[in-house]
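Numbering (this note's numbering), first residue to last: 6 to 142.
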């Protein structure tokens, strides 16, 4: 187990995906997943408090809309947790931080902003261009 210095931030001056960087991103992903799971638990507790007791039809519609929005948000979080778990698996097998298409390193700035990234910016842009081209057909 590697202990990170409290102020550690990955740097381009280091060897890419060295043990410190790997541990940094592993902890970042674990913390993110933990926060999402806590929010999901809070939502479940809120939704299980019972039915809608609003007498006014407008208030009732507002509560139902809020619940539907919360459920959509939780569904997005569920999918995100799956992507986080996949990123953690990539850390374990040593492929984390490398583009799935080119095998080239994904920049640290991109991984910092989107730790679940599987494509380099160039590969992602190419992928989006291909999607747009096929969507227009």
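Ideal Cβ placement from N, Cα and C applies to all residues, glycine included. On a predicted model such as this, the values are computed, not experimentally measured, just so you know.
Beta-carbon proximity check, residue i vs residue j, cutoff 8 Å
i: residue 84; j: residue 121; result: no
i: residue 30; j: residue 101; result: yes
i: residue 9; j: residue 25; result: yes
i: residue 96; j: residue 27; result: yes
i: residue 82; j: residue 41; result: yes
i: residue 69; j: residue 48; result: no
Residue i to residue j span [Cα, whole Å]
i: residue 16; j: residue 91; result: 24 Å
i: residue 116; j: residue 136; result: 23 Å
i: residue 61; j: residue 67; result: 10 Å
i: residue 131; j: residue 118; result: 19 Å
i: residue 11; j: residue 71; result: 39 Å
Supposed close pair residue i, residue j - CB separation, criterion 8 Å
i: residue 73; j: residue 107; result: With 8 Å as the limit, residue 73 and residue 107 do not qualify as a contact, their Cβ atoms being about 40 Å apart.
i: residue 105; j: residue 124; result: 6 Å
i: residue 45; j: residue 79; result: 6 Å
Buried versus exposed, by CB contacts within 10 Å (16 or more), residue i
i: residue 6; result: exposed
Beta-carbon proximity list for residue i, same chain, < 7 Å, skipping 5 on both sides
i: residue 38; result: 86, 89
i: residue 33; result: 120
Beta-carbon contacts of residue i that lie in its chain and below 6 Å, excluding the five residues immediately before and after
i: residue 111; result: 102, 104, 122, 125
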